[in-house]
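Heads up, the sequence shown stops at 475 in my numbering, and the numbers go up one at a time, no gaps. Input: a single structure, listed below in structure tokens.
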Amino acid sequence: MKIEEKYCISARDDYISDLAFHPDGEILATCGDDKTIELWDVKTGKKIRAFKGKFDVDSFAFSRDGKTLVHAEYNRIIFRRVDTGEIFNKFVHDCTNPYLSFRLSHIAFSPNGYILAGRENDEIILWQVETGILIRTLEHKEYGYRREIWDIEFSPKGQILATCSEDKTIKLWEVGTGKLIRTLIGHTDEVCGIAFSPNGRILASCSWDNTIKFWDVSTGKKIRTLKKHDYSVSCVAFHPSGKILASGIDDRIQLWDVETGKEICTLNNPSQESDYSREVRSVVFSPDGQLLASADEAGIVKIWHGDLPKKTNIEIVRLIKNQNPTEKS
């Protein structure tokens, strides 16, 4: 397999905590522990703009129309205009559990754009986007204990919200009522990432137990376990076709055939600096499926290109190492 690094744009020391493609596929956004969200031109690799906040940014989300970017800062949900960075709305949320350190993180829009979900330690908070009214709070409990939630995902139709936790389980919730549909049990260690297939029928989960599991969303039954890992699996993402799953495992990305469970190829992410960890923290496909972006703990973002559903020859067409951005409020 030909893997070619084209160029390095810039550098910083922090890891990337989240990345996502804009709905039009022409912009890639990243965030990290430097209180900054950066927007990159996918074609040129150049930085378009950066938004500087008051607190570290763990997660963000684009609205469906691509005009709004939402992110959490401590106990606030911030709404920005993508084209200018202007803040035009804020939600403020008070911590409901005095025994936990408070910090909102992991933001997700429902597919119709009407509901916003945010993670607060062991709870999921749902808001109406237009009004900021709190709809409900979901508590991820197992055997009576409240557990830290690591990831949240809406199903493609927006009727189900999935959460995964340090309690080794995945929970499926009915968005309209807040009712717990079922709990998926099978991992033997903390579940750190989840992803719905494009048709919403399969949920993929990854865990510190070094496995990836596929689940039937309608029944809750386990379909398959992918075990070919020497380390914990940190993240998963479905290709828009639903045929391929990408996973981040230590310092590499693996692509899997969803139907057969067989490994298609491995994309290595070797360390260029001996002092840096190169664990892959995030993977995401572009809306058209022609690009795969990955981010690691060294603050490096790579963009991989290939006709993914048909070919396994994938090249790195862009490499981004973040550095001190231009600040915008």
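Ideal placement from N, C-alpha and C gives every residue a C-beta, glycine not left out. Being a predicted model, the structure only gives us computed values, none of them experimental.
| Query | Result |
| --- | --- |
| For Gly259 and Asp229, the rounded distance between their alpha carbons | 19 Å |
| DSSP bridge partner residues for Arg195 (one or two, in chain order) | Leu185 |
| Buried/exposed call for Trp367, threshold 16 Cβ in 10 Å | The question names Trp, but residue 367 is Lys in the sequence shown. Answer is exposed; the Cβ neighbour count stays below 16. |
| For Gln305, the first and last residue of its enclosing beta strand (DSSP E) | Gln305 -> no beta strand (DSSP E), and no H or E assigned at all. |
| Beta-carbon proximity list for Ile348, same chain, < 6 Å, skipping 5 on both sides | Phe360 |
| Alpha-carbon to alpha-carbon, Ser440 and Asp164 | 10 Å |
| Proximity winner among Pro344, Asp313, Leu318, relative to Trp354 (alpha-carbon distances) | Asp313 |
| Straight-line Cα distance separating Phe208 from Pro257 | 11 Å |
| In DSSP terms, what Ser353 is bridged to | Val337 |
| Sub-9 Å separation of Gly346 and Ile306 beta-carbons | yes |
| Environment of Val238 [buried if 16+ CB atoms lie within 10 Å] | exposed |
| Selection from Ile173, Ala341, Ser301 that minimises the alpha carbon distance to Asp434 | Ile173 |
| Outcome for Ser432 when other beta-carbon atoms lying within 10 angstroms are tallied against a minimum of 16 | buried |
| Ile194 beta carbon less than 9 Å from that of Thr176 | no |
| DSSP three-state assignment for Ala444, whether helix, strand or coil | coil |
| Opposing strand residues paired with Glu299 [DSSP bridges] | Ala308 |
| Exposed unless 16 or more other CB atoms sit within 10 angstroms - verdict on Tyr245 | In this prediction, Tyr245 scores a pLDDT of 42, lower than 50, which makes its location untrustworthy; no coordinate-derived value is stated. |
| Cut-off 6 Å between Cβ atoms - residues of its own chain near Val379, not counting five sequence neighbours on either side | Cys352, Ile358, Ser393, Ile395 |
| Range covered by the beta strand (DSSP E) that runs through His375 | Unbroken run through His375: none, as it is neither H nor E. |
| Arg227 versus Ile233 - alpha carbon distance | 7 Å |
| Beta-carbon separation (whole angstroms), Ile270 vs Ile253, contact threshold 8 Å | With 8 Å as the limit, Ile270 and Ile253 do not qualify as a contact, their Cβ atoms being about 11 Å apart. |
| Burial state of Ser247 (16 or more Cβ within 10 Å) | A caution first: Ser247 carries a pLDDT of 45, below 50, which makes its placement in the model too unreliable to give a value. |
| Gln274, buried or exposed, once every other Cβ within 10 Å from all chains shown has been counted against 16 | exposed |
| Proximity winner among Glu336, Ile369, Phe201, Thr365, relative to Ala350 (alpha-carbon distances) | Ile369 |
| Candidates Glu320, Thr334, Glu266: closest to Arg328 by CA position | Glu320 |
| Rounded C-alpha distance that separates Thr323 from Thr309 | 16 Å |
| Integer Cβ distance of Glu218 from Leu250, believed to fall under 8 Å | Note that residue 218 corresponds to Ala in the displayed sequence, not to Glu. Confirmed, Cβ separation roughly 4 Å. |
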